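Chains as they are written, first to last, in the numbering used here: chain A, 1 to 296; chain B, 1001 to 1296.
Where a beta carbon is used, it is the ideal one built from N, C-alpha and C, also for glycine.
Values in this document were obtained by computation on a predicted structure and should not be read as measured data.
Report on the following structure.
There are 2 protein chains.
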Amino acid sequence: MTWGDVTANLLIRMAKASFRHVTIVGVGLIGGSCGLAIKKLDSSVRIAGVGRRRASLDAALNAKAIDTAHLDATEVAGQTDLVILSTPVCAFEKHLRSIGPLLKKTAIVTDVGSTKSVVVRAASRALGRTGRFVGSHPMAGSESKGVAHANADLLKGAVCIVTPTGATPQAVTRRVERLWKDLGMKTLRLSPADHDRAVAKVSHLPHALAALMMTVCARSDMSVAATGFRDVTRLASGDAEMWRDIFTTNRKAILAAIDDFDEALMQLRDMLSLTDAPGIEKFLKAAKKRRDAMVE
Amino acid sequence: MTWGDVTANLLIRMAKASFRHVTIVGVGLIGGSCGLAIKKLDSSVRIAGVGRRRASLDAALNAKAIDTAHLDATEVAGQTDLVILSTPVCAFEKHLRSIGPLLKKTAIVTDVGSTKSVVVRAASRALGRTGRFVGSHPMAGSESKGVAHANADLLKGAVCIVTPTGATPQAVTRRVERLWKDLGMKTLRLSPADHDRAVAKVSHLPHALAALMMTVCARSDMSVAATGFRDVTRLASGDAEMWRDIFTTNRKAILAAIDDFDEALMQLRDMLSLTDAPGIEKFLKAAKKRRDAMVE
Chain A
1 MTWGDVTANL
11 LIRMAKASFR
21 HVTIVGVGLI
31 GGSCGLAIKK
41 LDSSVRIAGV
51 GRRRASLDAA
61 LNAKAIDTAH
71 LDATEVAGQT
81 DLVILSTPVC
91 AFEKHLRSIG
101 PLLKKTAIVT
111 DVGSTKSVVV
121 RAASRALGRT
131 GRFVGSHPMA
141 GSESKGVAHA
151 NADLLKGAVC
161 IVTPTGATPQ
171 AVTRRVERLW
181 KDLGMKTLRL
191 SPADHDRAVA
201 KVSHLPHALA
211 ALMMTVCARS
221 DMSVAATGFR
231 DVTRLASGDA
241 EMWRDIFTTN
251 RKAILAAIDD
261 FDEALMQLRD
271 MLSLTDAPGI
281 EKFLKAAKKR
291 RDAMVE
Chain B
1001 MTWGDVTANL
1011 LIRMAKASFR
1021 HVTIVGVGLI
1031 GGSCGLAIKK
1041 LDSSVRIAGV
1051 GRRRASLDAA
1061 LNAKAIDTAH
1071 LDATEVAGQT
1081 DLVILSTPVC
1091 AFEKHLRSIG
1101 PLLKKTAIVT
1111 DVGSTKSVVV
1121 RAASRALGRT
1131 GRFVGSHPMA
1141 GSESKGVAHA
1151 NADLLKGAVC
1161 IVTPTGATPQ
1171 AVTRRVERLW
1181 KDLGMKTLRL
1191 SPADHDRAVA
1201 KVSHLPHALA
1211 ALMMTVCARS
1221 DMSVAATGFR
1231 DVTRLASGDA
1241 EMWRDIFTTN
1251 RKAILAAIDD
1261 FDEALMQLRD
1271 MLSLTDAPGI
1281 EKFLKAAKKR
1291 RDAMVE
């Protein structure tokens, strides 16, 4: 075999594995970026975009993130190989109920939502025991909203958590993982509950703390704020509706993360009350060590 | 007058206003950046660097942040026009006591520490009623440490808070403000107590929260951390000794900021417990509005 043959075989294998028609429900920052990344990988894949507002759909068409635009997902459900749900999490079940009965037998459904236990339960209620759903969570994003900020490379290099359950066929999980890897992501399998616990700590709690910092600082305090404050509060500029859904659908794990955090905050409070300089230094050194190790 | 004359007059006026010999005690990130910025403004100003370790002083000499290096500040105290203290805050009083008696009558002393009430009291104890001290806090920095990361432009565009008291002569405050402005900063006058309250909220509390986030997240959680988590925890990589001094010298204002923050955290906790989606959305929208306004 020549290198040309190897490449040709590889391309054939990739084309077989990939989805020929993809429906993206909710063409915002992440949905739009998925569309652009899939088109960049293989421009022959047809992408249908579904949205509530004509203006967003037009923007997605102009950005070439989608090929066709639909206000109603049922228009394309019957011809699609893969559905990617990327609206706020609380709207998923409604969409699944409307398209479920129309999907081809081989069609697969995934999502890009930030919580998983609630989503997996909603999919199971809406789609029954079809085994066609597997949850995904690409750990990428930005505080900017909408397809105008979508980017074919936004997902590249990021981790995508995939959350199969006992009822998910291996082939379904593998095909969805294959797609994310083809788009440049590293995939990681976690149970929905483990996913929710981990992201509550490294994503949802930090978001809550950033928003809280903005609310406890008076406008006059901000005149002295430097780059550190801008960085540490960046997440607070995220879309409020999307985050409301994340907070309500992962509330138990976030409550547990808040309780852990509050206990640590009260320990620091005690050290400050007692002017325990060695204790404070030990705490700061441990935090620095972990942060430096993470960045490496 | 020609433009040449105007420029010449301006230069003479600037030269008169500026300090001809500056002593920087502690040539780390900020001290080194002050040296580089002053040299960039006027290469004829002589800068003496004082430090505990020969290696740091050599690095500062190599970086051209200082002209002469001294392990003991008393070697140069008698010839200097301006002393800038930039060691960790708790070492200030020791330095002031040793150089105080040697300073010229016209010499001025300032600092770049992150807390002010404690510093101003220490200066008053060490220097008496000379009125030569005024506190400064350039709101610039980085999580990197040492003169190797110093940069003539680090201070540019940042706010520098200057904290005169009733005992500070106007001329002293003005000359120090003039220097920071010449180095490209915007100056803001606050009382030491108002400074401490404001920076406790926009700088010290965020640092504490960043460090706490690193300690409550298990190593396994970090495998799913994305750019948001890196940003929100960046401050935790700051120098532990410097921050220990900041925490202990501004403990009262930080304790008050922690209590405000904890009250807001408990309100959010209640909303989550009750799955109060409208309340959560209102909170997130208010935070987003303030963050977006600040960034503009």
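For residue i, count neighbouring Cβ atoms within 10 angstroms of its own Cβ and tell me buried if that reaches 16, exposed if not.
i	result
Ser273(A)	exposed
Gly1157(B)	exposed
Thr1106(B)	exposed
Thr1087(B)	buried
Met266(A)	exposed
Ser1203(B)	buried
Thr1297(B)	The first residue shown for chain B is 1001 and the last is 1296, placing residue 1297(B) beyond what the model contains.
Asp1259(B)	exposed
Ala171(A)	exposed
Pro278(A)	exposed
Asn1062(B)	exposed
Arg132(A)	buried
Pro1138(B)	buried
Gly228(A)	buried
Ser1044(B)	exposed
Arg251(A)	buried
Arg244(A)	buried
Asp1058(B)	exposed
Ala55(A)	exposed
Which same chain residues, not among the five before or five after residue i, have their C-beta less than 7 Å away from its C-beta?
i	result
Val1119(B)	Val1089, Phe1092, Asp1111, Gly1113 and Gly1135
Lys1016(B)	Reliability of the predicted coordinates at Lys1016(B) is poor, the pLDDT of 46 falling under 50, and the value obtained from them is presented with this limitation in mind. Closer than 7 Å at Cβ, skipping near neighbours: no residue.
Arg189(A)	Val162 and Pro164
Thr1080(B)	His1021, Val1022, Thr1023, Ala1048 and Ala1107
Ser98(A)	Ala73 and Thr74
Ala253(A)	Asp196, Arg197 and Ala200
Val1232(B)	Ala1210 and Met1213
Ile1306(B)	Shown here, chain B extends from 1001 to 1296; a query on residue 1306(B) therefore has no answer.
Thr173(A)	Val134, Val162 and Pro164
Lys145(A)	Gly28, Leu29 and Asp239
Leu284(A)	none
I need the boundaries of the alpha helix (DSSP H) containing residue i, first residue and last residue.
i	result
Thr249(A)	Ala240 to Thr249
Pro58(A)	Here the sequence assigns Asp to residue 58(A), which means Pro is not the residue at that position. Start and end: Arg54 to Asn62.
His149(A)	No alpha helix (DSSP H) holds His149(A); DSSP gives it neither H nor E.
Ser1098(B)	Phe1092 to Ile1099
Pro1138(B)	Unbroken run through Pro1138(B) is the beta strand (DSSP E), Gly1135 to Pro1138; no alpha helix (DSSP H).
Ala123(A)	Ser117 to Leu127
Thr1275(B)	Here Thr1275(B) belongs to no alpha helix (DSSP H), and DSSP marks it neither H nor E.
Ala37(A)	Leu29 to Leu41
Grab me the residues of residue i's own chain with a C-beta within less than 6 Å of its C-beta, minus the 5 sequence neighbours each way, in chain order.
i	result
Val50(A)	Val25, His70 and Ala73
Glu1177(B)	Val1162 and Thr1187
Ala286(A)	none
Ile280(A)	Met271
Thr249(A)	Val89, Thr115 and Val118
Val1159(B)	Met1139, Lys1186 and Leu1188
Asp67(A)	Arg46 and Ile47
Spatial neighbours of residue i within its chain, please: CB distance less than 8 Å, with the 5 preceding and 5 following residues excluded, ordered by chain position.
i	result
Leu154(A)	Leu29, Ile30, Ser33, Ala37, Ala140, Gly141 and Ser142
Ala1152(B)	Ser1033, Leu1036, Ala1037, Lys1039 and Lys1040
Asp1262(B)	none
Ala122(A)	Phe92, Glu93 and Leu96
Taking the beta strand (DSSP E) that residue i belongs to, which residues open and close that run?
i	result
Gly49(A)	Arg46 to Val50
Val25(A)	His21 to Val25
Leu85(A)	Leu82 to Leu85
Thr1110(B)	Ile1108 to Asp1111
Thr227(A)	Element bounds for Thr227(A): not the beta strand (DSSP E) but the alpha helix (DSSP H), Thr227 to Val232.
Asp69(A)	Looking at the sequence provided, one finds Ala at residue 69(A) rather than Asp. Ala69(A) -> beta strand (DSSP E) spans Thr68 to His70.
Could you check whether the Cβ of residue i sits closer than 8 Å to any Cβ belonging to chain C?
i	result
Met1139(B)	Considering every chain present, this structure includes no chain C. Its protein chains are A and B.
Only counting runs of 4 or more residues, tell me where the alpha helix (DSSP H) segments fall wholly within the region 1159-1209 of chain B, in order along the chain.
-> Whole alpha helix (DSSP H) segments, 4+ residues: 1170-1182 and 1192-1199.
Between the region 206-220 of chain A and the region 161-177 of chain A, do at least 3 Cβ pairs fall closer than 8 Å?
-> no
Is there contact here, the region 285-294 of chain A with the region 1222-1236 of chain B, by at least three beta-carbon pairs under 8 Å?
-> yes
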